[in-house]
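What follows is a set of notes on a single structure, which appears directly below.
Numbering (our numbering), first residue to last: 2 to 555.
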């Protein structure tokens with residue numbers, strides 16, 4: 002298989018990676034988005050300010066949902082760079098890039114250097130990976146740590162270096178401390194099912210797995226101890242409406258397994274086809290290639306003609322099936338599996354790189370998908386935006402589209418059309434989203450807008466309270482816990498001589514209390530992480546937008 006043409010396209014590779022890093026950076030300076038991002042940012046800020054790294058608090062109250070690892074990493078970033086949206090997102094993006102690097106390492110080790118480069122490129126330019134670097138939650142950490150763990154444990158099975166066992170176990174422990182037990186399923190299933198398929202009985206029954214369990218438990222002791230101190234030692238605390246809630250039990254069972262079985266405090270409803278159609282947009286622009294790759298890999302395993310590693314296939318498919326039949330489903334659950342999927346897809350693409358029919362069909366598919374993406378973002382701009390794109394957007398688009406046109410006009414070398422045309426396209430689209438769409442959208446996140454207003458106009462942030470509205474992002478951006486006054490239990494002293502951030506219901510309540518106030522500013526409000534067509538259309542947007550108010554009680 003002659004891949005010299007592909008491997009010598011250094012400019013294309015450097016340009017695409019550079020554009021990806023630019024898109025990531027622009028996304029990092031976009032303010033944190035409510036709800037989850039605002040909650041995680043505020044918890045990290047409170048950990049940073051109170052210096053308590055074992056217990057988790059939100060607005061000064063005990064918080065029991067996600068474990069500690071993400072908050073530790075964010076707190077380190079705050080110590081280094083101060084409290085800001087960028088410093089909140091920085092460690093997450095670094096862990097994502099760690100995932101890109103170990104996707105390359107895995108591809109290079111088990112396949113070839115070209116394979117590693119391509120797999121890393123596919124991962125770095127997939128849609129939901131880019132989105133998760135802007136709207137940061139736990140997923141970038143999971144993505145990086147999952148492939149990190151699999152790489153070291155899979156390589157350990159070949160090389161038997163004790164350091165690899167330690168590093169793999171450490172990665173598993175960090176996964177556990179990021180989002181609970183389910184996070185290690187793709188690594189465990191990938192290794193276990195691959196060994197079963199290859200009938201490696203000695204490896205399956207080896208003492209090494211007891212060592213992995215032992216080291217992983219050792220590494221998660223800080224989280225276990227933190228939960229024990231905060232919750233298990235205090236059965237009198239009321240959580241989820243109950244007393245005697247064990248933090249350790251919640252961490253090991255209720256938080257994630259309880260979601261799958263619908264037995265935990267957080268419940269949902271499942272659709273077996275949800276992730277099948279979700280992957281079509283979440284893994285853009287590589288979804289059709291990925292489905293083809295899974296089919297080819299599965300076929301080779303059934304016919305026993307496969308000669309490559311099987312860890313990524315079994316790890317991906319097992320958890321994908323578990324997710325599909327679980328009772329709680331969200332699109333970002335797939336992110337941690339995308340390194341596996343990128344490795345599988347890169348393998349099939351390079352294996353079929355000399356097959357004329359494959360190249361012809363998928364060059365049409367990928368170029369067609371790119372055209373549709375450009376049309377979609379143009380329509381979004383025309384329907385949504387009320388302002389012209391900035392000069393830098395025009396410059397980046399002109400450069401990127403110029404390269405795309407040259408690639409399409411180039412005779413032969415269909416592989417470049419299949420890979421670089423959609424990669425550059427999706428990055429251009431996301432550059433526009435991060436540089437123009439999100440900044441316009443975040444004007445409707447009133448929780449952050451009121452904080453910016455307070456800073457710009459040098460109002461006394463110590464005198465601000467909220468009344469019946471969310472305040473996580475307000476607290477984070479003002480770097481203080483903004484007191485939340487409950488309209489059901491309010492007394493006059495709670496509001497007197499205060500700046501009050503509230504909605505129309507709160508305003509009516511203040512009027513009913515007989516308080517006099519001065520209107521300071523009003524802010525349009527919409528939950529921007531749950532968009533709909535009426536809101537996106539600038540001509541009908543007012544139908545969906547509520548108004549929140551900053552007032553001063555006299």
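Note that the Cβ used here is the ideal one computed from N, Cα and C, for glycine as well. Note that the structure is a prediction, hence the values are computed from the model and not measured.
Measuring CB to CB, does residue i end up less than 8 Å from residue j?
i, j, result
"residue 501", "residue 468", "yes"
"residue 477", "residue 33", "yes"
"residue 309", "residue 112", "yes"
"residue 179", "residue 70", "yes"
"residue 157", "residue 151", "no"
"residue 503", "residue 445", "no"
"residue 136", "residue 38", "yes"
"residue 60", "residue 434", "no"
"residue 247", "residue 232", "yes"
"residue 426", "residue 385", "no"
"residue 554", "residue 505", "no"
"residue 432", "residue 23", "yes"
"residue 17", "residue 288", "no"
"residue 211", "residue 155", "no"
"residue 332", "residue 279", "yes"
"residue 361", "residue 415", "yes"
"residue 84", "residue 495", "no"
"residue 443", "residue 381", "no"
State the start and end residues of the unbroken beta strand (DSSP E) segment that holds residue i.
i, result
"residue 552", "547 to 554"
"residue 632", "Residue 632 cannot be examined here, being either before or after the span of the chain that is shown, 2 to 555."
Could you name the residues of the same chain whose beta carbon sits closer than 7 Å to that of residue i, not counting the 5 residues immediately before and after it, in chain order?
i, result
"residue 120", "104, 105, 108, 343, 344, 347"
"residue 4", "Its pLDDT being 38, under 50, residue 4 is placed unreliably in this model, and the value from its coordinates should be taken loosely. Result list for residue 4: 115, 351, 354, in chain order."
"residue 225", "249"
"residue 408", "417, 418, 421, 422"
"residue 484", "466"
"residue 366", "289"
"residue 378", "430, 433"
For the alpha helix (DSSP H) that contains residue i, what are its first and last residues?
i, result
"residue 477", "473 to 479"
"residue 300", "288 to 303"
"residue 47", "37 to 51"
"residue 460", "That residue, residue 460, is in no alpha helix (DSSP H); it is neither H nor E in DSSP."
"residue 29", "11 to 29"
"residue 97", "86 to 111"
"residue 331", "First-last for residue 331: undefined, no H or E at that position."
"residue 202", "202 to 205"
"residue 74", "70 to 82"
"residue 340", "339 to 352"
"residue 536", "534 to 537"
Can you list, in chain order, the residues of its chain with a C-beta nearer than 6 Å to that of residue i? Leave out the 5 residues immediately preceding and following it.
i, result
"residue 337", "143, 144, 147"
"residue 96", "141, 142, 145"
"residue 176", "146, 184, 185"
"residue 8", "In this predicted model, residue 8 has a pLDDT of only 37, less than 50, meaning its place in the structure is not dependable; the value taken from the coordinates is given anyway. Same-chain partners within the cutoff: 115."
"residue 161", "none"
"residue 363", "419"
"residue 474", "35, 39, 448, 449"
"residue 471", "448"
Grab me the residues of residue i's own chain with a C-beta within less than 8 Å of its C-beta, minus the 5 sequence neighbours each way, in chain order.
i, result
"residue 2", "The predicted model places residue 2 with a pLDDT of 35, which falls under 50 and marks its position as unreliable; any figure quoted below should be read in that light. Excluding residues within five positions, the ones whose Cβ falls inside 8 Å are 351, 352, 354, 355."
"residue 406", "none"
"residue 198", "302, 311, 315"
"residue 76", "45, 48, 49, 54"
"residue 349", "290, 293, 294, 297, 298"
"residue 547", "504, 505, 525, 526, 527"
"residue 235", "none"
"residue 508", "550, 552"
query = Curious, which full-length beta strand (DSSP E) runs of at least 3 residues does the region 487 to 520 contain?
reply = 500 to 504
ask   = At what residue ranges does the region 123 to 193 contain a whole run of the alpha helix (DSSP H), taking only runs of 4 or more?
value = 128 to 133, 140 to 160, 163 to 180
ask   = Looking at C-beta atoms only, is the number of pairs between the region 139 to 147 and the region 178 to 193 that lie closer than 8 Å three or more?
value = yes
ask   = Of all the beta strand (DSSP E) runs that stay within the bounds of the region 375 to 450, which reach a length of 3 or more residues?
value = none
task = Could you tell me which uninterrupted alpha helix (DSSP H) segments, each at least 4 residues in length, are contained entirely in the region 207 to 282, listed from first to last along the chain?
result = 209 to 220, 222 to 228, 258 to 262
query = Between the region 536 to 545 and the region 485 to 496, do at least 3 Cβ pairs fall closer than 8 Å?
reply = Verdict: no, contact absent.
ask   = Touch check for the region 12 to 29 and the region 82 to 91: three-plus C-beta pairs under 8 Å?
value = Yes: at least three Cβ pairs fall under 8 Å.
key: Segment contact flag, the region 36 to 46 with the region 213 to 223, C-beta cutoff 8 Å, min 3 pairs   = Counting C-beta pairs with one atom in each stretch, the region 36 to 46 and the region 213 to 223 have fewer than three that are closer than 8 Å, which means they do not touch.
ask   = Is the number of C-beta pairs between the region 60 to 79 and the region 239 to 254 that are closer than 8 Å three or more?
value = yes
task = Please determine if the region 366 to 382 and the region 315 to 325 are in contact, where contact requires at least 3 C-beta pairs separated by less than 8 Å.
result = In short, these stretches do not touch, since the Cβ pair count stays below three.
task = Check whether the region 324 to 333 touches the region 387 to 401, counting contact only when three or more Cβ pairs, one atom from each stretch, lie closer than 8 Å.
result = no
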